[in-house]
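Chains as they are written, first to last, in our numbering: chain A, 1 to 320; chain B, 1001 to 1439. Don't be surprised by glycine CBs; every beta carbon is placed ideally from N, CA and C. I have placed the structure first, in the form of structure tokens, so that the comments after it can refer back to it.
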Amino acid sequence: MLYEHLLWPKDLIDLDQFTTEHLTAVLDAAENFREVSEREIKKVPTLKGKLVVLFFHENSTRTRLSFEVAAKRLSADTIALSASGSSMSKGETLLDTARNIEAMNPDALVIRHSASGAPSYLGRRLKCPILNAGDGAHAHPTQALLDLMTIRRRLGRIEGLKVAIIGDIAHSRVARSNMIGLKTLGAMVTVAGPPSMMVGGLSDEYGVQVYSRPEPALDGADVVIMLRIQLERQSGRLFPGAREYARVYGLNAQRLALAKPGCLVLHPGPVNQGVEMTPEIYDCPQSVILDQVTNGVAIRMALLFLLVDNSERKGSQPLA
Amino acid sequence: MLPKPAVIKNGRLIDPLQGLDQKVDLLIEDGLVASVERANSIEASDRQVIEAEGLWVLPGLIDLHVHLRDPGQEYKEDLVSGLTAAAAGGFTAVLAMPNTSPSIDRADQVESLLSRAANAGGARLYQSAAMTRGRAGQEINEYYDLQKSGAKAVTDDGSWVADASVMRRALDYASVCGLLPLSHAEESTLAPGGMIHEGRVSTKLGLPGQPSEVEAIAVYRDLAVAALTGKPIHICHVSSAQALVLIREAKTKGVKVTCETAPHYLHLTERDLLGSEPRFEGLAGYDTNLKMKPPLRTQQDLQALRQGLLDGTIDVIATDHAPHSVLEKDSEFSEAAFGITGLETSFSLIFELIKTMALTPARLVELMSARPAKILNVPGGTLRPGSIADLTLIDPAQEYVFEASQSKSKSRNTPFDGRKLTGRVIKTIVGGHIRYQVG
């Protein structure tokens, strides 16, 4: 297969670990695994007898479900652990919890955590491969990869495309990982959001074009990624309210018309319909939001396979 | 101990307050400097001799900003370990911050600390008290009583006194009581929850940022209150070019402001938080030993601070020695406590600047001894005959690797572990007693 000539890291923390070849290899592998999900019997024995621990310190339904389905389709055993269900609520430290998990000898640890940097912190201390399922505002590499896969499947390439990312850039790990992945594969990226949801250094750090209004970002775009607004957390502090946000930043037919005909519409979900986009956009033919969910399983199958396989080949050595 | 009179022979005395930088013999008697003579001129006779050929003899280093965690958090540090670490770093005296548990609000607490410190060995202890009761920023403490008990300064270090009228009263009152007011300048409401400098690195790491304005706004307010009252104020741990510009301008206008910066702001920047390349393993970065308040800033800030050392805007190097145990530091970044240790690396890190920039040895002594003594109004800062025999002997040629595991502090939270340093502290003498010697 195409991945074997590449060196793979022990953990997946963010996409800046990967070259163009790595990203392409993951996407290619995911295409193969996607086919498994379309079979009558949606299961391959690839990770039979392996244990994948899903450690979700922050609430998540979709990503956890997606990893769980991915692991099960590879025949791995899975255990899901959430913050409220574990002893983290009793004052146990993250490291202690993780060490206890590792003592059960899992073959991979999938972690979602509210603290930026938590997966790399654990990666330095644990022997088993760690897959970052989203850490704070830092990174969400599997989401970015499934977005890349969705775009590549529909448009046949990433290179040369213009991709607009719109919404709360400042707090979005999805935006950060997508900017890295898209730029690595040669896309041109524009970002837009209310000034209170932007951060400095975006163009320097990621090489993206930054706008405060969505229109110039959308102009001639091949793809638009709308970000989720955390209504419950941010209302009244980062922006005046959902109504105005929808009017100025929400995606509607008029705004989408600024983009190229057939421009793909992505959203990491769950969508606040009527806020980030109108219901008509959500249901329009160029909306690929449900494709993203399907591809997410394939991407996570590919990554679980690649990292577990990699750690077996290297003998799962602890880092110095 | 130096039980009898001692001669420190043939060392290079660098003492800007005497205008001296030359090889001398130095006679110590009864805890005081008895005389300073030209090299090889004082007879040993029955005196103890300390051969200092090739060494620097400096007025004892004084650190105006340390956290000794005593009382309340003795698992991080206590008076004995903290003062011992200070002596190991060449410090003959330190000013301890009052943000202990409980905070130092009353005269009896100061008396107790000072009497315990007298038997602790190591460096001299100068104690600061809380500027406001319980460090709550509301009511000022009893400064007359505190001064009488031996306190030297007042500060709510760890937080800013946000209420301007409270700061105004504190400056007025502290001045008549002979206490130095210190300000931890941080207008945190501008960026609540900020953990590192706001900019490209905070964006990349997805951590809440804190722009330099958080410091600059607070410094500006403090300077305005100092100007209004006409009273002195000392700004702690200046980290940004912006704050430095404000302080420089205030000084030219005659505001009685002094300030300090810490060695880490002169050697590290926010970029260090990204960790070392390559990113392949993805595990670098987020080092909790680079988390402190104020945060590490940019290369431009670092350069401006270095310039501030030379042009006199910065009066003092102070470590902000902030020991924390693994319980507070071995964690995800957002959970980790702010602060790093600094007592045992400070001198060598500043010494390094003599080679890498235009810092002179005499200016180093001003920054680390003469000015701190003057600002705090305590003995020392010079080895003029009649001064207290607080001195630090340095081997300017010796290279060594600093190992945190060998530290005299109880804590290990330093980003300089394993760093190759030059200019080693050989002996620390406090009131004529050897309180530290290498080896």
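Can you say whether residue i is buried or exposed, counting buried as having 16 or more other CB atoms within 10 angstroms of its CB?
i, result
"Q1073/B", "buried"
"T1313/B", "buried"
"A1304/B", "buried"
"V1430/B", "buried"
"L1485/B", "Outside the displayed range of chain B (1001 to 1439) lies residue 1485/B, so it cannot be described from this structure."
"R313/A", "exposed"
"P1372/B", "buried"
"V275/A", "buried"
"K1410/B", "buried"
"D107/A", "buried"
"T1360/B", "exposed"
"A1006/B", "buried"
"V1049/B", "exposed"
"G1432/B", "buried"
"R1384/B", "exposed"
"H57/A", "buried"
"E1077/B", "buried"
"R1200/B", "buried"
"K50/A", "buried"
"N968/B", "No statement about residue 968/B is possible, as the shown extent of chain B runs from 1001 to 1439 and does not include it."
Using 8 Å as the threshold, is the C-beta distance between residue i and residue j below it?
i, j, result
"A1120/B", "V1154/B", "no"
"T132/A", "D204/A", "This sequence places Asn at residue 132/A; Thr is not what is there. Result no, Cβ atoms of N132/A and D204/A do not sit closer than 8 Å."
"T354/A", "I299/A", "The question about residue 354/A has no answer, for chain A in this structure spans 1 to 320."
"L1364/B", "I1354/B", "yes"
"W1160/B", "A1085/B", "no"
"L1273/B", "L1205/B", "yes"
"M1195/B", "S1334/B", "yes"
"V1066/B", "V1033/B", "no"
"H1237/B", "A1216/B", "no"
"L27/A", "T46/A", "no"
"A1322/B", "T1341/B", "yes"
"G1031/B", "I1388/B", "yes"
"V174/A", "A144/A", "yes"
"K1231/B", "L1310/B", "no"
"E1260/B", "D1315/B", "yes"
"G1178/B", "S120/A", "no"
"G1011/B", "A1052/B", "yes"
"N272/A", "R228/A", "yes"
What are the boundary residues of the beta strand (DSSP E) that residue i is part of?
i, result
"P119/A", "Element bounds for P119/A: not the beta strand (DSSP E) but the alpha helix (DSSP H), A118 to R125."
"I1233/B", "I1233 to I1235"
"P1059/B", "W1056 to P1059"
"P1181/B", "L1180 to S1183"
"L1393/B", "L1391 to V1401"
"E1051/B", "Q1048 to E1051"
"Y211/A", "Q209 to Y211"
For residue i, report the span of its alpha helix (DSSP H) as first-last.
i, result
"C1177/B", "A1164 to C1177"
"I1375/B", "R1371 to L1376"
"Q1458/B", "No answer is possible for residue 1458/B: the residues shown for chain B start at 1001 and end at 1439."
"H1267/B", "P1263 to H1267"
"H22/A", "T20 to V36"
"S60/A", "It is not in any alpha helix (DSSP H) - S60/A carries neither H nor E in the DSSP assignment."
inquiry  = Counting only Cβ-Cβ distances shorter than 7 Å, please list the residues of the region 118-131 of chain A near chain B, keeping chain order.
reply    = Look at the region 118-131 of chain A: the residues with a C-beta under 7 Å from a C-beta of chain B are A118, S120, Y121, G123 and R124.
inquiry  = At a CB distance below 7 Å, what residues from the region 13-43 of chain A approach chain B? Give them in sequence order.
reply    = Within the region 13-43 of chain A, the residues whose Cβ lies closer than 7 Å to some Cβ of chain B are I13, D14, D16 and Q17, listed in chain order.
inquiry  = Whether or not the region 154-173 of chain A and the region 192-211 of chain A are in contact is what I'm after, with contact meaning three or more pairs of Cβ atoms, one per stretch, closer than 8 Å; do they touch?
reply    = Flag = yes, the region 192-211 of chain A and the region 154-173 of chain A touch.
key: Contact set between the region 1268-1296 of chain B and chain A, restricted to residues whose Cβ is under 7 Å from the partner   = Per Cβ criterion, the list reads R1279, F1280, E1281, G1282, L1283, G1285 and Y1286.
request  = Give the residues from the region 168-179 of chain A that approach chain B closer than 7 Å (Cβ to any Cβ), ordered along the chain.
outcome  = Within the region 168-179 of chain A, R173 and R176 place their CB atoms closer than 7 Å to a CB of chain B, listed in sequence order.
message = Tell me which residues of the region 48-65 of chain A have at least one Cβ-Cβ distance to chain B shorter than 7 Å, keeping chain order.
response = Those residues of the region 48-65 of chain A that come within reach of chain B (Cβ to Cβ, closer than 7 Å) do not exist; the list is empty.
message = Under 8 Å, with one C-beta from each stretch per pair, do the region 94-107 of chain A and the region 1186-1194 of chain B reach the 3-pair mark?
response = Touching, no, given that fewer than three Cβ pairs across the two stretches are closer than 8 Å.
query = Taking any Cβ of chain B, which residues in the region 202-232 of chain A have a Cβ under 8 Å from it, in chain order?
reply = Within the region 202-232 of chain A, the qualifying residues are L202, D204 and E205.
request  = Identify each residue in the region 97-120 of chain A for which the Cβ-Cβ distance to at least one residue of chain B is less than 9 Å, and report them in chain order.
outcome  = Answer set for the region 97-120 of chain A: H113, S114, A115, S116, G117, A118, P119 and S120.
inquiry  = Can you pull out the residues from the region 1202-1231 of chain B whose beta carbon lies closer than 7 Å to at least one beta carbon of chain A?
reply    = Using a CB distance below 7 Å, the part of the region 1202-1231 of chain B facing chain A consists of T1203, K1204, L1205, G1206 and L1207, ordered along the chain.
key: Contact set between the region 1324-1338 of chain B and chain A, restricted to residues whose Cβ is under 7 Å from the partner   = Listed in sequence order: D1330, S1331, E1332, F1333, S1334 and E1335.
ask   = For the region 1397-1431 of chain B, which residues have a beta carbon sitting closer than 7 Å to at least one beta carbon of chain A?
value = Contacts with chain A (Cβ-Cβ distance below 7 Å) from the region 1397-1431 of chain B involve no residue at all.
ask   = Which residues, in chain order, does the region 1057-1074 of chain B contribute to contact with chain A at a C-beta distance below 7 Å?
value = Taking 7 Å as the Cβ-Cβ cut-off, the region 1057-1074 of chain B has no residue approaching chain A.
Chain A contacts from the region 1177-1196 of chain B (Cβ-Cβ distance under 8 Å) = Taking 8 Å as the Cβ-Cβ cut-off against chain A, none of the residues of the region 1177-1196 of chain B qualify.
query = Closer than 7 Å, Cβ to any Cβ of chain A: which residues of the region 1132-1159 of chain B, in chain order?
reply = Residues of the region 1132-1159 of chain B that bring their beta carbon within less than 7 Å of a beta carbon in chain A are absent altogether.
request  = Could you tell me whether the region 143-162 of chain A touches the region 289-303 of chain A, where touching means 3 or more Cβ pairs closer than 8 Å?
outcome  = In the pairwise beta carbon analysis, the region 143-162 of chain A is classified as touching the region 289-303 of chain A: at least three pairs are separated by under 8 Å.
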